[in-house]
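In this note's numbering, the protein residues as written are 79 to 439.
Heads up, the beta-carbon is just placed ideally off N, CA and C, and yes, glycines get one too.
Beneath this line is the structure, given in structure tokens, with notes to follow.
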């Protein structure tokens with residue numbers, strides 16, 4: 079049982095181990111976000127259950143059709159490795175409330191229904207096979223649970239819902255070995271950490287996984303910030319989460335829209351920006367209903383991986399000097415040890431570039 083303490087004591091204690099726990103993450107720079115759940119079958123938006131007012135009974139029918147092909151998580155992990163990514167984060171459960179693991183707390187899951195397989199275990203095994211750090215995304219909001227919205231004003235509903243949430247977290251933290259990242263999302267409807275009992279919840283997580291790093295979406299600041307949909311540097315450890323399309327984080331049927339729009343050059347430019355500004359890039363893809371990755375995402379990521387294979391030392395690793403200046407207006411500079419890396423986006427027509435103003439020891 080985690081020892082109860084004040085918020086100040088908790089923050090001071092976690093700060094003492096932060097540099098050690100975050101060391102690998104500060105070197106990694108590039109990770110893969112996977113949004114995968116029943117919403118892939120709809121193919122429009124991972125918020126479809128809410129935005130399109132699906133009755134719970136109708137939405138539950140999707141679970142019968144949900145059947146990722148064997149080896150799908152391995153396909154994700156192999157692509158992440160080929161793309162030069164160092165870690166992954168999977169939606170173990172999204173706002174729809176469907177769990178991708180064998181949960182005893184929540185029978186609405188992929189082992190009891192649909193594929194009757196533990197997708198989280200397959201994902202964890204694949205990450206370990208390809209040498210990737212393991213992250214679990216976990217939605218605090220739950221459209222499927224009757225107490226999810228009542229908990230904001232009904233104390234009994236709040237207790238039931240927190241027991242439910244913390245029970246699922248305990249399963250995830252105890253059933254799959256060492257987990258590197260816990261990525262919370264949408265702490266609604268309760269507006270304060272006290273409502274979520276986040277201190278108790280995260281103390282439990284850290285007791286079960288002492289080396290884990292946690293993001294800032296449980297109403298506590300925790301280990302790193304998460305700018306979403308934009309790359310904006312923060313005065314702390316931060317990770318920009320970006321999705322391959324502007325429509326959805328989940329799968330989008332290509333008959334409805336052109337979902338995959340990033341070119342290899344655009345992804346490299348995002349990597350340059352996060353590296354230059356001392357952050358990480360978590361790039362999202364939404365697998366198709368059968369779990370396959372659309373080719374429109376595979377090709378750009380594979381190209382980025384080849385580029386990183388030749389130029390990765392400019393992107394990976396902790397900066398020795400953080401300089402957010404942009405001396406030429408068309409590039410950026412980062413410093414690691416005695417090396418200066420200049421990222422240039424517009425090459426002169428004459429084929430040569432001269433940079434002035436640099437001093438060497």
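Taking residue i as the reference, give the member of the options with the closest Cα.
| i | options | result |
| --- | --- | --- |
| residue 280 | 130, 319, 251 and 321 | 251 |
| residue 369 | 290, 431, 201 and 333 | 201 |
| residue 346 | 163, 141 and 230 | 163 |
| residue 278 | 93, 235, 297 and 111 | 297 |
| residue 228 | 215, 388 and 273 | 273 |
| residue 261 | 214, 87 and 103 | 214 |
Whole angstroms are fine: how far does the CA of residue j sit from the CA of residue i?
| i | j | result |
| --- | --- | --- |
| residue 123 | residue 361 | 17 angstroms |
| residue 366 | residue 329 | 6 angstroms |
| residue 312 | residue 318 | 10 angstroms |
| residue 139 | residue 191 | 10 angstroms |
| residue 342 | residue 379 | 7 angstroms |
| residue 127 | residue 117 | 8 angstroms |
| residue 286 | residue 256 | 9 angstroms |
| residue 253 | residue 183 | 13 angstroms |
| residue 421 | residue 387 | 16 angstroms |
Would you decide whether residue i is buried or exposed? Buried here means 16 or more other CB atoms lie within 10 Å of its CB.
| i | result |
| --- | --- |
| residue 106 | buried |
| residue 295 | buried |
| residue 283 | buried |
| residue 97 | exposed |
| residue 430 | exposed |
| residue 350 | buried |
| residue 323 | buried |
| residue 94 | exposed |
| residue 241 | exposed |
Do the CB positions of residue i and residue j come within less than 7 angstroms of each other?
| i | j | result |
| --- | --- | --- |
| residue 218 | residue 265 | yes |
| residue 357 | residue 397 | no |
| residue 210 | residue 161 | no |
| residue 99 | residue 291 | yes |
| residue 221 | residue 174 | yes |
| residue 168 | residue 112 | yes |
| residue 136 | residue 119 | no |
| residue 225 | residue 238 | yes |
| residue 198 | residue 170 | yes |
| residue 249 | residue 181 | yes |
Where do the ends of the alpha helix (DSSP H) carrying residue i lie?
| i | result |
| --- | --- |
| residue 147 | Element bounds for residue 147: n/a, residue is neither H nor E. |
| residue 286 | 276-286 |
| residue 39 | No statement about residue 39 is possible, as the shown extent of the chain runs from 79 to 439 and does not include it. |
Output the boundary residues of the beta strand (DSSP E) element that contains residue i.
| i | result |
| --- | --- |
| residue 211 | 211-217 |
| residue 418 | 417-422 |
| residue 111 | 108-112 |
| residue 166 | 165-171 |
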